[in-house]
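Residue numbers are given in full-length UniProt numbering: position 309 of the sequence shown equals residue 309, and the series is strictly consecutive.
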Amino acid sequence: MKIAVPAETEKTEPRVAATPETVKKFIGLGAEVIVQAGAGAASRYPDADYKEAGATIAKTADATVKDADVVLAVRRPAAAGLKKMKAGAAVVAIMDPYGNEAALQEMAEAKVLGFAMELMPRITRAQVMDVLSSQANLAGYRAVIDAAAEYDRAFPMMMTAAGTVPAARVFIMGAGVAGLQAIATARRLGAVVTATDVRPAAKEQVESLGAKFVAVEDEEFKQAETAGGYAKEMSKEYQAKQAELVASHIAKQDIVVTTALIPGRPAPKLVSKKMVESMKPGSILVDLAVERGGNVEGAEPGKVAEVGAVKIIGHTNVPGRLAASASALYARNLFAFVETMVDKEKKELAINWDDELVTATLLTRDGAVVHPSFSGKGD
């Protein structure tokens with residue numbers, strides 16, 4: 001069983017899909033591991049460390065993926081790279097399938113098995129494979145660090161002989177994995193933190209981290225969650241009341257971090273230009289959804305935009321801003337998934353096509369797009 005780790009071709013992607021730690025684990029499963037020269041350099045994993053772990057270093061991407069049974073990547077490989085892989089190779093990556101049907105067709109035509117890690121089901125046995133959570137955790141942390149770097153005041157309250165510096169007021173919009181980590185990080189830095197979310201269950205999580213929950217908590221809100229734990233769509237009346245509350249709250253904040261994403265759809269607009277303009281000079285907004293259209297009106301991908309005296313941070317690939325940590329977690333996610341597809345006795349790839357992890361993540365097989373959400377055969 002040959003496992004290949006080519007270097008990422010996207011210039012803005014510093015992460016790598018395997019680390020020396022996971023290379024050792026794959027070799028322990030009986031695999032031969034080939035890593036492209038320099039693949040881990042941007043994540044501070046030099047070739048020498050991969051060699052020491054037991055990997056072979058290949059000079060080119062073509063030599064790396066040649067005859068590989070499994071190809072590990074951070075982002076979906078480009079068509080040119082797919083053509084160099086053998087038919088039936090399992091390509092495991094963050095595939096970004098929504099809205100990229102043409103790219104999925106190219107993957108199908110290359111006759112590879114395309115596995116999308118971001119489609120991993122949210123079940124107990126797959127928690128260790130959840131790339132969205134591992135990367136969102138780091139994004140939430142980094143969002144607050146980036147905000148602190150741009151904010152020209154102190155975060156914690158400081159009592160000095162010259163007087164008191166008040167604590168920064170930080171508002172987190174969305175209490176998922178990224179939001180909860182942002183809350184925890186802002187609290188560690190000494191800020192006064194508030195947060196909001198459309199799910200009633202989030203209130204307890206927010207408050208457990210020492211933040212105050214902000215929402216219109218009427219009867220509709222209390223019933224705003226399905227049996228599966230997902231948010232229900234709220235009435236127009238409730239949405240208007242919540243928007244009014246949030247608008248008045250944002251005007252009093254120093255820093256706002258938005259984290260709302262909806263799979264397969266543009267990010268919802270949460271903060272209008274009017275809300276941005278209501279904030280005090282020197283205030284900061286961080287839009288973690290900027291790559292999907294953004295939660296904040298005026299946010300620009302890859303830039304720190306300015307609306308009057310307010311800054312909107314729109315960094316892309318925020319987990320990649322912590323490349324070493326992000327790669328370490330992502331590589332462990334991939335190993336945990338690939339390990340389930342390996343026959344430990346024969347030391348070879350043996351995919352169980354009925355495994356719920358496989359059916360949830362498999363995009364292409366035998367020259368066709370097979371995932372029901374993208375094959376045109378879904379509901």
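Just so you know, even glycine gets a beta-carbon here, dropped at the ideal spot from N, CA and C.
query, result
"Nearest-angstrom Cβ-Cβ length linking glycine 114 and leucine 363, presumed shorter than 8 Å", "4 Å"
"Cβ pair isoleucine 172, alanine 161 closer than 7 Å", "no"
"Top-ranked residue by Cα proximity to alanine 68, from Pro281, Met120, Leu82", "Leu82"
"Test item: CB-CB of alanine 143 and valine 23 under 7 Å", "no"
"Collapsed DSSP secondary structure at alanine 90 in the structure displayed", "strand"
"When Trp353, Glu339, Ile351 are compared against arginine 125, the one with the closest alpha-carbon", "Glu339"
"Host alpha helix (DSSP H) of glycine 28 (start-end)", "20–28"
"Cβ-based burial, proline 14 [other Cβ within 10 Å; buried from 16]", "buried"
"Same chain, Cβ closer than 7 Å to histidine 371, five either side skipped, listed in chain order", "Leu362, Leu363"
"Own chain partners of leucine 322 with C-beta closer than 7 Å, once the 5 adjacent residues on each side are dropped", "Leu138, Arg142"
"Among Gln223, Arg187, Glu220, nearest to valine 206 - alpha-carbon criterion", "Arg187"
"Glutamate 306 - containing beta strand (DSSP E), residue span", "304–307"
"C-beta atoms of valine 5 and serine 43 nearer than 7 Å", "no"
"Alpha-carbon spacing of lysine 273 relative to isoleucine 57, whole angstroms", "51 Å"
"Element boundaries [beta strand (DSSP E), containing valine 286]", "284–287"
"Status (buried if at least 16 other CB within 10 Å, exposed otherwise) for lysine 222", "exposed"
"Contact set for alanine 326: own chain, Cβ-Cβ below 7 Å, skip 5 residues either direction", "Arg15, Gln135, Leu138, Pro319, Gly320"
"Supposed close pair methionine 159, proline 166 - CB separation, criterion 8 Å", "The pair is not a contact, with the Cβ atoms about 10 Å apart (cut-off 8 Å)."
"Backbone CA spacing between valine 70 and aspartate 96 [nearest angstrom]", "19 Å"
"Integer Cβ distance of glycine 302 from histidine 315, believed to fall under 8 Å", "7 Å"
"Contact belief for methionine 85 with lysine 347 at Cβ below 8 Å, rounded distance in angstroms", "Between lysine 347 and methionine 85 the Cβ distance is about 21 Å, and since that is not below 8 Å, they are no contact."
"Own chain, CB closer than 6 Å to valine 310, minus 5 neighbours either side, in chain order", "Val276, Met279, Ser283"
"Residue of Ile262, Val271, Met234, Pro263 minimising C-alpha distance to serine 248", "Val271"
"At least 3 beta-carbon pairs within less than 8 Å: the region 284–294 vs the region 255–269", "yes"
"Pairwise C-alpha distance: glycine 190 and serine 373", "44 Å"
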